[in-house]
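For the sequence shown, the residue numbers in UniProt numbering are 1 to 130.
Read through the structure below, which is laid out as structure tokens, and then see the notes.
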Amino acid sequence: FVSSGGFDAVTKTSLHGTALSFRLLRQHGFEVSQEAFSGFKDQNGNFLENLKEDIKAILSLYEASFLALEGENILDEAKVFAISHLKELSEEKIGKELAEQVNHALELPLHRRTQRLEAVWSIEAYRKKE
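Quick look at the structure:
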């Protein structure tokens with residue numbers, strides 16, 4: 001995946017795809033540069049304002065930011081950006097299901113949760129959706 005150039009293709013088009021790929025690769029021990037997120041910043045070094053409209057992408061960025069290594073400033077900035085925008089959201093704006101996901105993530109990041117319990121929570125969340 002990484003060697004075929006697939007990661008580069010994702011990082012140029014989708015914040016959600018970039019953050020998800022980054023998180024999964026880092027969790028499995030691959031070396032992935034924080035520079036993958038530099039394409040989502042403006043000339044002043046701030047994350048693009050239009051990104052906050054894609055809540056799932058911001059949620060993925062939030063989860064990925066917790067896999068930062070010491071000195072990775074882009075990921076530290078990503079965490080601050082994501083937390084500030086996720087905390088601003090209300091259930092009326094985004095719907096009950098997505099609001100539950102956001103609140104669940106803000107309580108404790110995904111990689112710090114027990115996988116089995118997280119799977120049970122996810123199954124219950126999807127049951128409620130149906």
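Every residue, glycine too, gets a C-beta built ideally from N, C-alpha and C.
Nearest-angstrom Cα separation, counted from Lys52 out to Ile58: Working through the sequence shown from its first residue, we reach residue 58 at position 58. Working through the sequence shown from its first residue, we reach residue 52 at position 52. In this structure, the straight-line span from the alpha carbon of Ile58 to that of Lys52 is close to 7 Å.
8 Å Cβ cutoff met for Ala68 and Leu75: Within the sequence shown, the letter at position 68 stands for residue 68. Within the sequence shown, the letter at position 75 stands for residue 75. Remark: C-beta atoms of Ala68 and Leu75 approach each other more closely than 8 Å.
With 16 as the cutoff for other CB atoms within 10 Å, does Val80 come out buried or exposed? Stepping through the sequence shown from its first residue, residue 80 is reached at position 80. By the neighbour-count rule (16 or more Cβ atoms within 10 Å), Val80 is not buried but exposed.
On the three-state DSSP scale, how would you describe Phe30? Translated into positions along the sequence shown, residue 30 becomes position 30. Of the three classes helix, strand and coil, the one that applies to Phe30 here is coil, per DSSP.
What do you get for Ile55, buried or exposed, if any count of 16 or more other CB atoms within 10 angstroms of its CB means buried? Translated into the one-based positions of the sequence shown, residue 55 becomes position 55. Buried, by the Cβ-count rule.
Among Glu107, Lys87, Phe47, Glu88, the one whose alpha carbon lies nearest that of Asn73: The residue labelled residue 73 in the question sits at position 73 within the sequence shown. Measuring from the Cα of Asn73, the nearest candidate turns out to be Phe47.
Who are the Cβ neighbours of Leu20 in its own chain at under 6 Å, not counting the five residues just before and after it? To locate residue 20, count along the sequence shown from 1; it is residue 20. Closer than 6 Å at Cβ, skipping near neighbours: Ser60.
What residue ranges within the UniProt domain "Terpene synthase N-terminal" (13-106) form continuous alpha helix (DSSP H) runs of no fewer than 4 residues, ordered along the chain? If only complete runs of 4 or more residues are kept, the UniProt domain "Terpene synthase N-terminal" (13-106) shows the alpha helix (DSSP H) at 15-27, 55-65, 73-88, 91-94, in order along the chain.
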